[in-house]
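Just so you know, the sequences run in chain order A and B. In this text, residue positions in the first sequence follow our numbering: the first is 1, and each later residue adds one. In this text, residue positions in the second sequence follow our numbering: the first is 101, and each later residue adds one. Even glycine gets a Cβ: it sits at the ideal position worked out from N, Cα and C. No experiment lies behind these values; they were computed from the predicted model shown. Structure, as C-alpha cells:
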Amino acid sequence: KPDVSKTGASNERMLANFFNSLLNKKPGS
Amino acid sequence: SIEEMVKEKSRELFALCDKEGKGFINKVDMQRLHGELPLSDEQLRDVFDSLDNDGNGFLTFEEFCEGFGGFLGLNVS
C-alpha cells in the first residue's frame with residue numbers, strides 16, 4: 001500500500017529541487 | 101517584510117517560467133523548462149500538478165508564490 005508520508009516527502013523534495021534549480025538559473029540566464 | 105521579499109523573489113522566478121508575461125504558467129511553459137533545468141519532463145509535470153492547487157491547468161502567481169513560500173517554510177497568502 002502507498003506510504004502517504006513518504007509520497008509527501010518526495011513531493012517536497014521535488015519542489016525543493018525545482019525551486020533550487022530556478023534560483024540557480026537566475027544569474028546569467 | 102519577509103513576505104514582501106518572498107513575493108519579490110517569486111515574481112522573478114515566475115517570470116523565468118512565464119516568458120511571454122501572460123500572467124500564468126501552463127504545461128507548455130513547464131515543458132520548455134526541460135533542458136534549462138535539471139528535471140525530467142515527468143518531474144516538471146509533477147511539480148506543475150502539485151503547485152496548481154485548483155487543478156485548472158493554469159499556474160497563477162498566487163499559487164506559485166504559495167509553493168515558493170512553502171519551499172522556504174513560510175506561509176505566504
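- Remark: three or more beta-carbon pairs, one from each stretch, lie closer than 8 angstroms, so the region 8-19 of chain A and the region 145-156 of chain B are flagged as touching.
- If you check the CB distance, residue 168 (chain B) and residue 124 (chain B) do not come in under 7 angstroms.
- If you draw a straight line from the Cα of residue 156 (chain B) to the Cα of residue 112 (chain B), it is about 23 angstroms long.
- For residue 143 (chain B), the closest Cβ of chain A is nearer than 7 angstroms.
- Residue 115 (chain B) has its alpha-carbon roughly 13 angstroms from the corresponding atom of residue 19 (chain A).
- According to the DSSP secondary-structure assignment, residue 125 (chain B) is paired through a beta bridge with B:159.
- For residue 16 (chain A), the chain B residues whose Cβ falls inside 7 angstroms of its Cβ are 171, in order along the chain.
- Put simply, the backbone Cα of residue 8 (chain A) is about 10 angstroms away from that of residue 150 (chain B).
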